Every structure is written in structure tokens, then in C-alpha cells.
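Participant: In the working numbering, the protein residues as written are 1 to 205.
Heads up, the beta-carbon is just placed ideally off N, CA and C, and yes, glycines get one too.
Bear in mind that the values here come from a model prediction, so they are computed numbers and not experimental data.
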Amino acid sequence: MKINIPLSAALVIISGISMAFAAGPVKTMVVKQNPVPQAAEDPGKNVKNILFKLVRQDEYLDEALERLDSRKPLSGHEISALGLNLKLVATSLGEVSALNKTEFSNIRPDTNLASYTNAIFSYSRKVDRKAAKITTLVAQLSAGNKKASMRDAVSSKKGKKGGKKLTQLLAEQKAMAALASDAKKLRGASRDLSATSKWLYIASK
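(1) Report yes if the C-beta distance between K130 and L61 is below 8 Å; otherwise report no.
(2) Please determine, among K205, Q168, R108, L68, the residue with the shortest C-alpha to C-alpha distance to G83.
(3) Here's a check: name, in chain order, each residue in its chain whose Cβ is nearer than 7 Å to the Cβ of L191, leaving out the five neighbours to either side.
(4) S124 and L240 - do their beta-carbons sit closer together than 8 Å?
(5) Among G44, L179, K87, S105, whose alpha-carbon lies nearest the alpha-carbon of A143?
(6) Taking the straight line between their C-alpha atoms, what separation do you get for T135 and A183?
(7) Between A189 and L93, is the Cβ-Cβ spacing less than 8 Å?
(8) Grouping DSSP H, G and I as helix and E and B as strand, with all else coil, what is G44?
(9) Could you tell me which of M176, T102, T117 sits nearest to K80, measuring between CA atoms?
(10) Do the CB positions of K198 and F121 come within less than 8 Å of each other?
(11) For I107, which three-state DSSP category applies?
(12) Distance check for E63 and N112, CA to CA, integer angstroms please.
Here you go:
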């Protein structure tokens with residue numbers, strides 16, 4: 001038996017079905033991605049960085065001691081260069097002390113970092129001893145420089161050959177005074193470093 005559906009009725013039915021599908025929720029496929037695993041941060045990174053900086057400054061102090069121990073007369077330019085080196089080391093030691101204080105606030109005991117903090121404390125004491133020796137050598141150099149300057153000043157007034165000019169003597173005295181000041185600042189920075197390194201080591205045990 002044939003069922004005859006009028007064309008108009010068929011269009012209405014098709015239109016209704018289309019609207020029903022259009023009105024229905026559209027489901028989208030969501031592909032879940034596994035998070036990319038990230039490398040765990042090294043808990044001793046900051047402590048190792050402190051130790052590296054400290055070793056570098058220890059090497060710079062060795063160079064300064066070698067110059068002062070050479071017993072070779074230093075020119076005004078050499079004295080100024082040495083003073084600049086001591087000033088830079090003192091600044092770096094101050095930065096390391098600040099890092100020690102920051103790490104002291106964050107470090108936890110039993111984190112297997114005691115070996116590194118012990119090395120930091122050991123190097124800090126070495127740096128402090130070298131800074132003390134530098135201060136002593138600079139004081140000796142300053143005393144010797146004053147005697148030499150007085151002798152050269154007399155020679156300059158008498159017009160003797162080989163004597164230094166007055167302007168040269170004054171420049172050397174000025175450089176020597178600046179070097180002595182830089183040595184004292186270095187000594188102060190090394191003491192602060194030794195203290196902060198000690199407390200960092202205690203906190204990590």
C-alpha cells in the first residue's frame with residue numbers, strides 16, 4: 001500500500017527535523033594532554049653559586065698578596081690599580097654576605113647541603129685571614145713609602161738627579177692613602193662574610 005504524503009507536509013517534516021538537530025548541543029572532542037615533566041630545581045643551586053663566587057674572590061686575593069709580597073717598589077699607577085682590585089673584592093664579599101643572609105632565611109636543616117655550607121665557611125675564614133694579612137702588608141708598604149717620599153723630597157729640593165718630582169711624590173702618597181682605606185674596607189667586608197657564613201653553616205646542619 002502506498003502512502004502519499006503531500007509535498008508541503010514533507011517539507012514541514014524535513015524542516016522540523018533540521019531545526020531539532022540544529023538546536024541540539026554540539027559536542028566537541030577535547031583531547032587531554034599530559035603535562036610536560038619539568039626538571040626538578042636543584043635545592044643546592046644558590047649555595048653552590050655562593051661557593052663559586054667565594055672561590056673567585058679568594059683567587060683575586062692571592063694575586064693581591066703576590067704583588068704585596070714581591071717587595072718590589074710599586075709606582076703610583078700600580079698602587080692605584082691594586083687599590084681598585086681590593087675595592088672590587090670588598091664589594092663582591094659584601095654581595096656574598098647578602099646572599100648568605102638570604103639563604104639563611106630559606107635553608108632547612110638536614111637538606112644535605114652542610115658539605116657546601118661548610119666549604120663556604122672554610123673559604124670565608126681563609127679570605128678573612130688573607131684580608132688581615134693584606135691590611136698588615138699595606139700598612140708596612142705605607143710606612144716605607146712615607147720614608148722614601150721624605151728622602152726623595154729632600155733630594156728633589158737639592159736638585160739631585162734620580163730624585164722624584166714633587167708632583168709624582170704627592171700622587172703616590174694620595175694613591176697610598178686610598179689603598180690603605182680600601183684595605184680597611186676589605187677587612188671589614190671579610191669579617192662580615194665570615195660571620196654570615198658561620199651562621200649559614202649552623203642553620204644547614
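Facilitator: So, to answer that:
(1) Reading the sequence shown from its first residue, position 130 is the one you call residue 130. Reading the sequence shown from its first residue, position 61 is the one you call residue 61. In this structure, the beta-carbon distance from K130 to L61 falls below 8 Å.
(2) The residue labelled residue 83 in the question sits at position 83 within the sequence shown. Nearest to G83 by C-alpha distance, out of K205, Q168, R108, L68, is L68.
(3) The residue you call residue 191 lines up with position 191 of the sequence shown. Correcting the residue identity first, residue 191 is Arg in this sequence and not Leu. If you ignore the 5 residues before and after R191, its C-beta comes within less than 7 Å of the C-beta of D128, all in its own chain and listed in chain order.
(4) In the structure as shown, the chain starts at 1 and stops at 205, and residue 240 therefore has no counterpart that could be examined.
(5) What you label residue 143 is simply residue 143 of the sequence shown in a count that begins at 1. The option with the nearest alpha carbon to A143 is L179.
(6) In the sequence shown, residue 135 corresponds to position 135, counting from 1. In the sequence shown, residue 183 corresponds to position 183, counting from 1. Those two C-alpha atoms are separated by around 5 Å.
(7) If you number the sequence shown from 1, residue 189 lands on position 189. If you number the sequence shown from 1, residue 93 lands on position 93. Their beta carbons are under 8 Å apart, which means A189 touches L93 by this criterion.
(8) Against the sequence shown, residue 44 aligns to sequence position 44. It is coil, neither helix nor strand.
(9) One-based indexing of the sequence shown puts residue 80 at position 80. The displayed chain sequence assigns Ser, not Lys, to residue 80. Ranking M176, T102, T117 by Cα distance to S80 puts M176 first.
(10) Counting from 1 along the sequence shown, the entry for residue 198 is found at position 198. Counting from 1 along the sequence shown, the entry for residue 121 is found at position 121. Yes. Within cutoff.
(11) Within the sequence shown, the letter at position 107 stands for residue 107. The answer is coil: DSSP assigns I107 none of H, G, I, E or B.
(12) Counting from one through the sequence shown, the residue named residue 112 turns up at place 112. Counting from one through the sequence shown, the residue named residue 63 turns up at place 63. In this structure, the CA atom of N112 is about 33 Å from the CA atom of E63.
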